[in-house]
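Only one structure is covered here, and it is reproduced in the block below.
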Amino acid sequence: MIKKETLLRVKWVIISIIVPISLMIIYFIAAGTLNLLFAWIFFSLYLTNFIIMSIIKNRRDLIEERISRKKDAKKWDYITIEFILLFY
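Right, dumping it as structure tokens:
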């Protein structure tokens with residue numbers, strides 16, 4: 018059976034990859050071209066940083082807290098977080 022910590026780490030890595038790739042897609046669609054060298058450099062460094070930080074985090078409680086939704090959170094908190102993630 019897979020440990021809960023391993024599943025949390027995998028989920029965190031997946032999230033860490035989806036966010037930068039989503040930003041890349043939005044950026045290049047808005048630019049209308051893929052021929053932007055400095056954008057490719059920026060996004061490759063950004064994605065690398067996300068992956069490295071996700072892998073080296075060893076605090077299970079912190080990862081679990083940041084990934085899970087809180088039962089006592091207000092509705093506006095969910096909306097705010099989604100808005101921040103959209104433009105992060």
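Per our numbering, the very first residue in the sequence shown carries number 18; after that it's consecutive.
C-beta: ideal position from N, C-alpha, C; glycine also.
Between the beta-carbon of S33 and that of F67 there is about 4 Å, and that keeps the pair under the 8 Å contact cut.
Residue burial is scored here from C-beta neighbours: W29 has at least 16 other C-beta atoms within 10 angstroms and is therefore classed as buried. For the 8 Å CB-CB criterion, L51 and F45 form a contact. Looking at the backbone, the Cα of M70 and that of E22 are separated by about 16 Å. In the displayed model, A90 falls within coil according to three-state DSSP, outside both helix and strand.
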